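Numbering (our numbering), first residue to last: 303 to 585. Shown next, in structure tokens, is the structure this report addresses.
The structure is reproduced here in structure tokens:
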């Protein structure tokens, strides 16, 4: 028996040995989802899939490293060649190769949320916005508002009404800051974390490299699917337009990343978004 099949229960075995096509794995706490994903990677490689054509998306670098480490112990050093990491890390890596297709120089700089907050605060000063208005959102809140508009794909007015109602009075000033922030980034070849996902989506949908990018991976595996947001769901659908091999693992009863605009709709709508999807529930 192959080492990646040893000790698996029947639902785990079904997920690990799934053939081509889309697969939704419902996995609650303690059902062995990490092991299942690691064994799936090993099974694919053992079945002849090139490791470089497998993409494993997780929400932390540690999770990706753990899964690929487990796969490596079962199948050998080839597992280290799998594209594994967070959505943002993979987006950064792809853009370093294909950003030219979007008119972006590949030597772009990535700023984190702290840097983005500082830039927005600087722009607020430049614009002379809301001087003396103690109700005006702090720089960290501005970043959260901006990020939610991007990741949820909602209008600024909608985000403020639903999630930041105490900021609605300042919508015009907030929009002015966001507009200049976007321009400042373009002028300086800078991307923030949200841009990485936006441009990955653009790369896979509207760019001359869209087909090449979408066809780069034979299999895509996604951990913690309940914590993905609308933008990440759009990226995955774009990446699977021609090759429908995608396996997502998640718990439809749990989502911890609401601040990232995570939506459980991605799990609930998976069978509609990927017609013919198989569903396996781990026990």
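Here a beta-carbon is modelled for each residue, glycine too, at the ideal position from N, C-alpha and C. From a predicted model like this one, the values you see are computed outputs, not experimental measurements.
Secondary structure within the region 370-435: the beta strand (DSSP E) runs of 3 or more consecutive residues, fully enclosed, are 385-388 and 411-413 (chain order).
Sixteen is the threshold: when 16 or more other Cβ atoms of the shown chains lie within 10 Å of the Cβ of residue 548, as they do, the residue is buried. In summary, residue 331 is exposed, with fewer than 16 beta-carbon neighbours lying within 10 Å of its beta-carbon over all protein chains present. Under DSSP, residue 356 shares a beta bridge with 521. Per DSSP, residue 535 is one residue of the alpha helix (DSSP H) stretching across 532-541. Between residue 381 and residue 419 a beta carbon distance of about 38 angstroms is seen, past the 8 angstroms cut, so the two are scored as non-contacting. For residue 583, the CB contacts under 7 angstroms within the same chain, skipping 5 residues up- and downstream, are 313 and 328 in chain order. Around the beta carbon of residue 459, a 10 Å sphere encloses fewer than 16 other beta carbons of the protein chains shown; the residue is thus reported as exposed. Three or more Cβ pairs closer than 8 angstroms define a contact, and the region 360-369 falls short of that threshold against the region 399-415. DSSP lists 328 as the bridge partner or partners of residue 583.
Residue state for residue 348 is assigned as helix, using DSSP reduced to three classes.
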